[in-house]
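Undergrad: Sharing a structure, written as structure tokens. Questions coming.
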Amino acid sequence: MTATCRTCLVTGFPLDAARRVALELAAQGDRVLLLARDKFVPDARRLTEITAATTPGRIEVLVGDILAVDLGLDGATVRRIHAEVGEVHHLAAIHYLGIDAPRMRQVNVDGLREALELSLGMVQLKRVCVWSTVFVAGNRTGTVYEHQLEKGQQFRNPYERTKAQAEALARSAMARLPLTVVRVPNLLGDSRTGQAGRLDGVYSVASSIVHHAEPVRLPVPGAHPLHVVPVDFAVQAAVALTRHPDGIGGTFHVVDEAPLTARAFFDAVADAAGRPRPVVTLQSRLGHALARMPAWSKQARHDHGLLDWFESDVRFDATRARQLLGALRCPPVASYVDNLVAWLRDRDD
């Protein structure tokens with residue numbers, strides 16, 4: 103490991119972004135303490151094998167629970183963390199819109215509270231990076247700025263509400279901790295490979311386009327910006343902002359500053375796949391309305407709940423993030439859509 107090796111605590115495994123943050127930190131020569139629940143430990147330990155052979159840093163798995171006091175760690179481990187950890191990357195969250203609100207609050211809000219409490223005892227602490235979402239803006243329209251949080255918006259689902267509550271909690275802790283908040287939109291797969299951690303949301307629609315010869319029916323016109331970024335860009339940007347001296351106390355939009363409309367994005371997917379472009383029909387719009395009903399499955403409510411984000415006429419100003427990230431920019435969709443399609447094509451629908 104390098105002379106400037108940091109010891110970093112990462113929560114959120116097995117989320118794809120958390121996995122990639124751990125790998126990115128290890129690639130930079132850092133020691134990574136990766137928190138994982140019992141059932142995810144075998145998968146987490148496979149990362150240790152990858153880093154042992156390919157990176158200057160290393161990953162160590164800590165068995166714990168984001169909802170427990172001291173993250174469920176024993177006293178000796180807590181003392182070690184307090185003595186050694188200089189950086190915390192908190193990604194633990196529930197994004198799936200089918201989960202009930204109390205459970206989502208437990209993980210998204212109470213889980214952050216436990217991580218912040220543990221961070222208060224870290225004598226080497228240089229930074230805590232809290233991953234948030236641009237969708238704390240709720241139903242706002244127009245331009246949303248990085249410093250704004252509570253602007254009278256309405257929340258359309260428990261995810262938006264609990265992430266806003268979590269961000270308010272993070273902001274209240276900024277007087278006691280060196281905090282950076284990064285807001286990301288919907289995460290796509292890797293811009294270089296197309297690989298994604300799970301096939302839902304935007305990828306679910308894109309997969310339908312790739313695997314069907316008939317035009318896919320969209321429930322919304324898709325005339326507004328679709329806020330997505332590749333996960334590799336989000337990870338690189340979040341780590342860079344965490345390590346920038348001017349990032350302390352800041353909130354940053356990690357976004358594509360020239361987003362395509364939802365319709366243009368899915369048209370690009372169709373063109374790259376050699377499939378017909380999607381169409382909007384009355385039947386598909388009726389399906390979107392029905393999916394909001396309580397009797398529908400959690401999966402239907404999740405997938406269709408995402409369509410609220412497709413219909414939002416909102417842009418996220420990223421001036422502060424741009425100033426700190428310098429040359430690091432979100433790649434344009436045209437540069438990675440072929441990779442996205444190729445990866446989806448290799449998967450079963």
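Counting in this note's numbering, the sequence shown runs from 103 upward without gaps. For every residue, glycine included, the Cβ atom is placed at its ideal position computed from N, Cα and C.
DSSP three-state label for H249, please.
TA: Of the three classes helix, strand and coil, the one that applies to H249 here is coil, per DSSP.
Undergrad: CA-CA distance, T282 and R319?
TA: 40 Å
Undergrad: How would you label S234, buried or exposed, when you count the other beta carbons within 10 angstroms and need 16 or more for buried?
TA: buried
Undergrad: Tell me whether L332 sits in a helix, a strand or coil according to DSSP, three-state version.
TA: The sequence given here places Pro at residue 332; Leu does not occur at that position. Correct three-state label for P332: strand.
Undergrad: Can you list, in chain order, the residues of its chain whose CB lies under 7 Å from that of E413, leaving out five sequence neighbours each side?
TA: V322 and H326
Undergrad: Using three-state DSSP, classify A138 as helix, strand or coil.
TA: strand
Undergrad: Count Cβ pairs between the region 104 to 118 and the region 127 to 141 that sit closer than 8 Å; are there 3 or more?
TA: Output reads yes: the region 127 to 141 touches the region 104 to 118.
Undergrad: If contacts are defined as beta-carbon pairs under 8 Å, then D172 and V163 qualify, I think. What distance do you get, rounded to the angstrom?
TA: The C-beta distance from D172 to V163 rounds to 17 Å, too long to fall under 8 Å, and the pair is not in contact.
Undergrad: Out of A315, G324 and P361, which has the shortest C-alpha to C-alpha gap to P332?
TA: P361
Undergrad: Does the beta-carbon distance from V209 to L175 come in below 8 Å?
TA: no
Undergrad: Using a Cβ distance threshold of 8 Å, determine whether the region 255 to 272 contacts the region 190 to 202, with at least three qualifying pairs required.
TA: yes
Undergrad: Nearest to V371 by alpha carbon, out of P347, V435, A339 and H346?
TA: V435
Undergrad: Using only alpha-carbon positions, find the residue among H314, R285, D302 and V381 that is nearest to T344.
TA: R285
Undergrad: Quick one: does G131 have its CB under 8 Å from some CB of chain D?
TA: The structure shown contains no chain D; it is built from a single protein chain.
Undergrad: When you compare each of V225, E151 and R121 to A194 by their alpha carbons, which one comes out closest?
TA: R121
Undergrad: Consult DSSP for V318 and reduce its assignment to one of helix, strand or coil.
TA: coil
Undergrad: What is the residue span of the beta strand (DSSP E) that I161 lies within?
TA: Start and end: R160 to V165.
Undergrad: From R417 to G244, what distance separates their C-alpha atoms?
TA: 6 Å
Undergrad: Since T153 and A128 are thought to touch, with beta carbons under 8 Å apart, how far apart are those beta carbons, to the nearest angstrom?
TA: Indeed they touch by this definition, with Cβ atoms about 4 Å apart.
Undergrad: From T363, A340, A375 and D415, pick the residue whose C-alpha is nearest to that of L426; which is it?
TA: A340
Undergrad: Using the three-state DSSP reduction, which class does L125 fall into: helix, strand or coil?
TA: helix
Undergrad: Quick one: Cα of V236 to Cα of V356, how far?
TA: 9 Å
Undergrad: Between G303 and A429, what straight-line distance do the alpha-carbon atoms span, to the nearest angstrom?
TA: Taken atom to atom, the span from the alpha-carbon of G303 to that of A429 is near 29 Å.
Undergrad: Who are the near neighbours of G240 in its chain, counting only those whose CB is closer than 6 Å to its CB and skipping five residues on each side?
TA: Q255, Q256, F257 and E262
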